[in-house]
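*Asks:* I have a structure here, written as structure tokens, and I will follow up with some questions on it.
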């Protein structure tokens, strides 16, 4: 019932709605409505009360809860089913549990804090409470497993679009799964699939966005290569706006640009956002390290690199790490 009352207030944000209308809609007493209003105020929501007009929500704190994140969300699939947690080991772990149990496509799992956040190649991901967007999305694309890298391409483009729209930030893509700003890592993507030999059962897309972190929130060993929306903008932003922009951009691409006929256009946008194409990069893998020029991305998600001796290498995301000549990018 708490979420139902909050949803009504959110849907009427900035407008008065009478306690009687709320009580009639939900089948509860006006005294119960008043108790919920007081509860919301204790949680940081700002609500104006008028004896004649009712209640008007004027401010929403930066909290992750389904009623807040879904109110005003313009999607038909992604985010329609949502879980929000104070603390999780990992949103990807929880999302995989839900996917195996049959959770619908578009289910989103978000957490204020992760204590075992992971990035690509098993690296840890710093996920302090209340300062970032740590979430996972369950998708069930009608794709063969070899086309799974398209999901990462889609998510990267959606993140760049969303950051420009919600935070007025110009970001770029560092293949295969990093979003960068000012030459530093701002977001990471961790895509995990469960598939049969010829069909994908589900994909869990993990997204980590450093939103309101300060420099001191990062460990010293990554402080020179990491950034946040707050550090780039000089102020804190409400995570709700960014989350909704990300989910809306993801769905737009997923429904309209994911087919074989349209994917080349999406890949071209991905190329345009790339911060490595045409540049000399350092490639580190199990077979050693070499330098070369980043040439292009293929439809299967691989990176084509020309070695210094002229040979062309086809690199896969799960096998290598890349760096710029003089640093992270």
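Numbering (our numbering), first residue to last: 6 to 334. Glycine included, C-beta positions come from ideal geometry on N, C-alpha and C. The structure presented is a predicted model; accordingly, all values stated were derived computationally and were not measured.
1) Do you know how far the Cα of residue 210 is from the Cα of residue 126?
2) State the DSSP-derived secondary structure class of residue 61, mapped to helix, strand or coil.
3) First and last residue of the beta strand (DSSP E) that includes residue 257?
4) Going straight from the alpha carbon of residue 111 to that of residue 84, what length do you get?
5) Below 8 Å on the Cβ atoms is my guess for residue 317 versus residue 299; work out the distance and round it to an integer in Å.
6) Please return the same chain residues whose Cβ sits closer than 7 Å to the Cβ of residue 132, not counting the five positions on each side in sequence.
7) Three or more C-beta pairs under 8 Å: does that hold for the stretch 172-183 against the stretch 272-290?
8) Can you find the residues in the same chain that come closer than 7 Å, C-beta to C-beta, to residue 18, ignoring five residues on each side of it along the sequence?
9) In chain order, what residues of the same chain have a beta carbon less than 7 Å from the beta carbon of residue 11, not counting five sequence neighbours either side?
10) For residue 96, report the span of its alpha helix (DSSP H) as first-last.
11) Does DSSP classify residue 139 as helix, strand or coil?
12) Residue range of the beta strand (DSSP E) that residue 189 falls in?
13) Any idea which residues DSSP pairs residue 311 with across the strands?
14) Quick check on DSSP: helix, strand or coil for residue 74?
15) Under the three-state reduction of DSSP, which class applies to residue 160: helix, strand or coil?
16) Under a Cβ-count criterion, where at least 16 other Cβ atoms within 10 Å of its own Cβ denotes burial, should residue 92 be classed as buried or exposed?
17) Less than 8 Å between the beta carbons of residue 306 and residue 165, yes or no?
18) Count the other CB atoms within 10 Å of the CB of residue 193; is the residue buried (16 or more) or exposed (fewer)?
19) When you compare the stretch 98-110 with the stretch 48-56, are there three or more beta-carbon pairs, one atom per stretch, that lie closer than 8 Å?
20) For residue 82 versus residue 153, is the C-beta distance shorter than 8 Å?
21) Could you check if residue 309 belongs to the surroundings of the ligand GTP, using beta carbon to heavy atom distance under 7 Å?
22) Which of the three DSSP states is assigned to residue 80 in this structure?
23) I'd like the list of long-range same chain contacts for residue 234, defined as Cβ closer than 8 Å, with 5 residues on each side in sequence excluded.
24) Residue 30 and residue 13 - do their beta-carbons sit closer together than 8 Å?
25) Classify residue 67 as helix, strand or coil using the three-state DSSP reduction.
26) Could you please give me the residues that DSSP links to residue 210 through a beta bridge?
27) For residue 151, which option in 329, 326, 304 has the closest C-alpha, if you only look at C-alpha atoms?
28) By DSSP, does residue 42 sit in helix, in strand, or in coil?
*Replies:* Let's see:
1) Here the model assigns residue 126 a pLDDT of 48, short of 50, so the residue's position is not dependable, and the following value carries that caveat. Residue 126 and residue 210: Cα-Cα distance of roughly 15 Å.
2) The answer is strand: DSSP assigns residue 61 an E or B state.
3) Run containing residue 257: none in the beta strand (DSSP E); it sits in the alpha helix (DSSP H), 244-261.
4) When rounded, the distance between both Cα atoms is 6 Å.
5) Going by Cβ atoms, the distance from residue 317 to residue 299 rounds to 11 Å, so no, they are not a contact pair.
6) Once the five neighbours on either side are set aside, the close Cβ partners of residue 132 are 118, 119, 122, 139, 213.
7) The answer is yes - the stretch 272-290 touches the stretch 172-183, with three or more Cβ pairs under 8 Å.
8) Cβ neighbours of residue 18 beyond the five flanking positions: 62.
9) Only 45, 72 meet the Cβ criterion.
10) Element bounds for residue 96: 96-105.
11) Residue state, collapsed to three classes: strand.
12) Its beta strand (DSSP E) spans residues 189-200.
13) Beta bridge pairing from DSSP links residue 311 with 298, 317.
14) Residue state, collapsed to three classes: helix.
15) In the three-state reduction of the DSSP assignment, residue 160 falls in the helix class.
16) Exposure of residue 92 is indicated by the presence of fewer than 16 other C-beta atoms within 10 angstroms of its C-beta.
17) Not in contact: residue 306 and residue 165 (Cβ atoms no closer than 8 Å).
18) Under this definition residue 193 is a buried residue.
19) Not touching, per the Cβ criterion.
20) Not a contact, by the Cβ cut-off of 8 Å.
21) With respect to the ligand GTP, the structure offers nothing, as it holds no ligand at all.
22) DSSP places residue 80 in the coil class of the three-state scheme, outside both helix and strand.
23) Excluding residues within five positions, the ones whose Cβ falls inside 8 Å are 168, 172, 174, 191, 214, 215, 216, 217, 242, 247.
24) Taking 8 Å as the cut-off, the Cβ atoms of residue 13 and residue 30 count as close.
25) Assigned with DSSP and collapsed to three states, residue 67 falls in coil, not helix or strand.
26) Bridge partners of residue 210: 142, 196.
27) Distance check between residue 151 and each of 329, 326, 304 places 304 closest, using alpha-carbon atoms only.
28) Shown here, residue 42 sits in a helix according to DSSP, grouped into three states.
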